[in-house]
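So the structure is just underneath, and the comments pick up after that.
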Amino acid sequence: MRPMGTEGENVRVIAGRYRLESRIGRGGMGVVWRATDQLLGRQVAVKELGLDDSLSGEESRQQRDRTLREARAVAQLHHPHIIVVHDVVEDDERPYIVMELIDGGSLAERISANGPVDAREAARIGIDLLGALRRAHEAGVLHRDLKPANVLVEAGTDRVVLTDFGIAQVAGATTLTETGAFVGSPEYTAPERMAGARTGPESDLWSLGVLLCAVLSGASPFRRDSLGGILHAVVVDEIRPPAQAAPLLPVVRGLLERDPERRLDAAEAERMLRAYRDTGRTPRLLVPYTPTRRDVPKVSLRRPAPEPSPGSATAANPPARQSTRGILVAAALVAAMAGAGVSAAALLVGGGDGRPAASDTPSTPGTSSSAAPASGPRSAPPTAAGPTVTVTGDRTPSGGARTAPSGYRIASDANGFSLAVPHGFTRDPQGERIFYMSPGDTFRIGIKVADPAPGGPLGVMRRSDASGPANNPGYRDGTVARTVHDGHTAALWEFTWNGFSTAEGPRHTYDLCWEQGGRMYDVWVSAPVGRVTEAKEYFDVAVDTFAVS
68 MRPMGTEGEN VRVIAGRYRL ESRIGRGGMG VVWRATDQLL GRQVAVKELG
118 LDDSLSGEES RQQRDRTLRE ARAVAQLHHP HIIVVHDVVE DDERPYIVME
168 LIDGGSLAER ISANGPVDAR EAARIGIDLL GALRRAHEAG VLHRDLKPAN
218 VLVEAGTDRV VLTDFGIAQV AGATTLTETG AFVGSPEYTA PERMAGARTG
268 PESDLWSLGV LLCAVLSGAS PFRRDSLGGI LHAVVVDEIR PPAQAAPLLP
318 VVRGLLERDP ERRLDAAEAE RMLRAYRDTG RTPRLLVPYT PTRRDVPKVS
368 LRRPAPEPSP GSATAANPPA RQSTRGILVA AALVAAMAGA GVSAAALLVG
418 GGDGRPAASD TPSTPGTSSS AAPASGPRSA PPTAAGPTVT VTGDRTPSGG
468 ARTAPSGYRI ASDANGFSLA VPHGFTRDPQ GERIFYMSPG DTFRIGIKVA
518 DPAPGGPLGV MRRSDASGPA NNPGYRDGTV ARTVHDGHTA ALWEFTWNGF
568 STAEGPRHTY DLCWEQGGRM YDVWVSAPVG RVTEAKEYFD VAVDTFAVS
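Under my numbering, think of the first position of the sequence shown as 68, with each following residue one higher.
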């Protein structure tokens, strides 16, 4: 940092207007000063951005120009939870950002002084930050360094204010610079940014998921003793949200999905957090089942049959999406971090022979509060719950190989189909039906393949709905919707029932039936009514990844 100006040891004026009076913060991108705007007579905060002294004169000029350009873009954002940027100036060829002065410390300081917050407060913080991020993203501005230290909490009002947008980031907005230096905070950085693969709004949403874990528990779930350990945890290792995140687990898991295309979007995350604030209950996804890309099974579905203890025989392939992608991304990190002195061994603990690390086996979501991997496809915008079903585009050619999201594995069944099931689910054949059961039979994924039936999928589902009271004790709230699945005629049936015993309790079922290649396929998921969010996720993934052998 250059010496102070001539107006005193601790005071100087920049741009002929802003009097820097005392340093109130320091970060990786510069120093923040408490200052006075002498023209308007108001208190402001001034951020003095540091520049890389190793750059040439031309490179330094380009970095300065880029910094000022991005700062001016942030200045156009107007939202109650985004820091107000009053001015962007240069003084002695150094950029400064003049902002509103928030009387209050950062969220990180608050957690450090007072400990973690409860779920309701975390939900409030998340809602406010989602509003800020949505406004920024609409304007084409990414934050790129969302963490508790960059969130201010105003004294007296508890207003949450997002500050410190990634203004001085390198060209291309990647996390790893050309020299191997790290831009941003590794514990809060999305896997795709670490690999330099892409940077979009989804990356900020991953960071928000980590932030929610941190404010609920006091620490990021990716905190490790070394940079290599952090990178491995973010990119490859099992994702374990803290136990304190249980009330908001569907949101946290949705945001901490390693595949950005499957990550929970901002609108749905905000809706779910508001639902929790209003009801105190774990929110449920509004999106009914969205048939996406998959060719698959069915005949008439009536109900999940009573299930005995899960069987032990399961034919499965490795979780292709998670393992392969994780190793490839980690390999990219090895190359990118070589200049920073991080060894391949540090990055790929247990995976140096090309196989996934031993820790790359997430536990089954919903079966343990300490082992909840990120997952949950988000391929359609939120819609009101109801019988209308939307169809989205196919990312995988019809009949092609399917891949498993984080926390799942591909099960290749001897009956001529494959699909992704959560880790820990075991195969249990019951006559013409094949079940994949969670421990304790809490969640049941059922599959049936049969010949086409009169009336097609819609006729089958309507007959099943009509006979629902006879086959499912306490049958209620049944709906049947015509839809299309991967270009094939389909029908979706959804209902609630009392379960097969008092001990089992009320359950909810999602069921999709469609015709393909002269066969009728049926895939359904049954779960306790209090855990429909997880059931909906398992259902989406099962149908989304279903393929005919």
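Built from N, CA and C at the ideal position, the CB exists for glycine as well.
Computed from a predicted structure; not experimentally measured.
{"query": "Just to confirm before moving on: does the CB-CB distance between SER473 and GLU324 stay below 8 Å?", "result": "yes"}
{"query": "Roughly how many angstroms separate the alpha carbons of SER173 and GLN129, rounded to a whole number?", "result": "31 Å"}
{"query": "Alpha carbon to alpha carbon, how far is GLY507 from TRP581? Give it in angstroms, no decimals.", "result": "29 Å"}
{"query": "Nearest-angstrom Cα distance between SER284 and PRO314?", "result": "13 Å"}
{"query": "For LEU197 versus GLU328, is the C-beta distance shorter than 8 Å?", "result": "no"}
{"query": "For the alpha helix (DSSP H) holding LEU279, just list the boundary residues, first then last.", "result": "268–284"}
{"query": "Take ASP345 as the anchor and find which of ILE194, ALA199, ALA334 and PHE492 has the nearest alpha-carbon.", "result": "ILE194"}
{"query": "Count the other C-beta atoms from every protein chain shown that fall within 10 angstroms of the C-beta of ASP185, then say buried if there are 16 or more, exposed otherwise.", "result": "exposed"}
{"query": "What are the uninterrupted segments assigned as alpha helix (DSSP H) that are 4 or more residues long and contained completely in the stretch 157–213, given in chain order?", "result": "174–181 and 186–205"}
{"query": "Mapping the DSSP letters down to three states, classify PRO496 as helix, strand or coil.", "result": "strand"}
{"query": "Alpha carbon to alpha carbon, how far is GLU160 from ASP104? Give it in angstroms, no decimals.", "result": "20 Å"}
{"query": "For TYR85, tell me which candidate among TRP100, GLY92 and ILE91 has the shortest Cα-Cα distance.", "result": "TRP100"}
{"query": "When burial is assigned at 16 or more other CB atoms within 10 Å of the CB, is THR224 buried or exposed?", "result": "exposed"}
{"query": "Less than 8 Å between the beta carbons of GLY513 and PHE502, yes or no?", "result": "yes"}
{"query": "Given a cut-off of 8 Å on the beta-carbon distance, is the pair ALA487 and ALA471 in contact?", "result": "yes"}
{"query": "Leaving out five residues on either side along the sequence, give the residues of the same chain with a beta carbon under 6 Å from the beta carbon of GLN311.", "result": "LEU283 and SER284"}
{"query": "My output table needs one value for SER593: the three-state DSSP class, helix, strand or coil.", "result": "strand"}
{"query": "Span of the beta strand (DSSP E) holding TYR605?", "result": "It is not in any beta strand (DSSP E) - TYR605 instead sits in the alpha helix (DSSP H) that spans 599–612."}
{"query": "Verify whether the separation of the beta carbon atoms of LEU168 and VAL111 is less than 8 Å.", "result": "yes"}
{"query": "In terms of residues, what are the limits of the beta strand (DSSP E) holding VAL516?", "result": "511–517"}
{"query": "Check ASP132 in the structure and name its three-state DSSP category.", "result": "helix"}
{"query": "For ASP154, which of ALA189, LEU122, GLU125 and LEU107 has the nearest alpha-carbon?", "result": "LEU107"}
{"query": "Tell me whether the stretch 206–221 and the stretch 255–270 touch, counting them as touching only if at least three CB pairs, one residue from each stretch, are closer than 8 Å.", "result": "yes"}
{"query": "Can you grab the Cα-Cα spacing for the pair ALA199 / ILE149, in whole Å?", "result": "6 Å"}
{"query": "Check this for me: beta carbons of ALA78 and GLU88, under 8 Å apart or not?", "result": "Residue 78 is actually Val in this sequence, not Ala. Going by C-beta atoms, VAL78 is nearer than 8 Å to GLU88."}
{"query": "Quick one: grab the DSSP three-state call for ALA312.", "result": "helix"}
{"query": "If you draw a straight line from the alpha carbon of SER139 to that of ALA262, how long is it in whole angstroms?", "result": "For the record, residue 139 in the displayed sequence is Arg; it is not Ser. Looking at the two C-alpha atoms, the distance is approximately 28 Å."}
{"query": "What does the Cβ neighbour count give for GLU499, buried or exposed, with the cut at 16 atoms within 10 Å?", "result": "exposed"}
{"query": "Just confirm the distance between the C-beta atoms of PRO268 and VAL277, as a whole number of angstroms; I'd bet it's less than 8 Å.", "result": "About 15 Å; that fails the 8 Å criterion."}
{"query": "Report the CB separation of PRO524 from ALA558 in whole angstroms; it is logged as a contact under 8 Å.", "result": "4 Å"}
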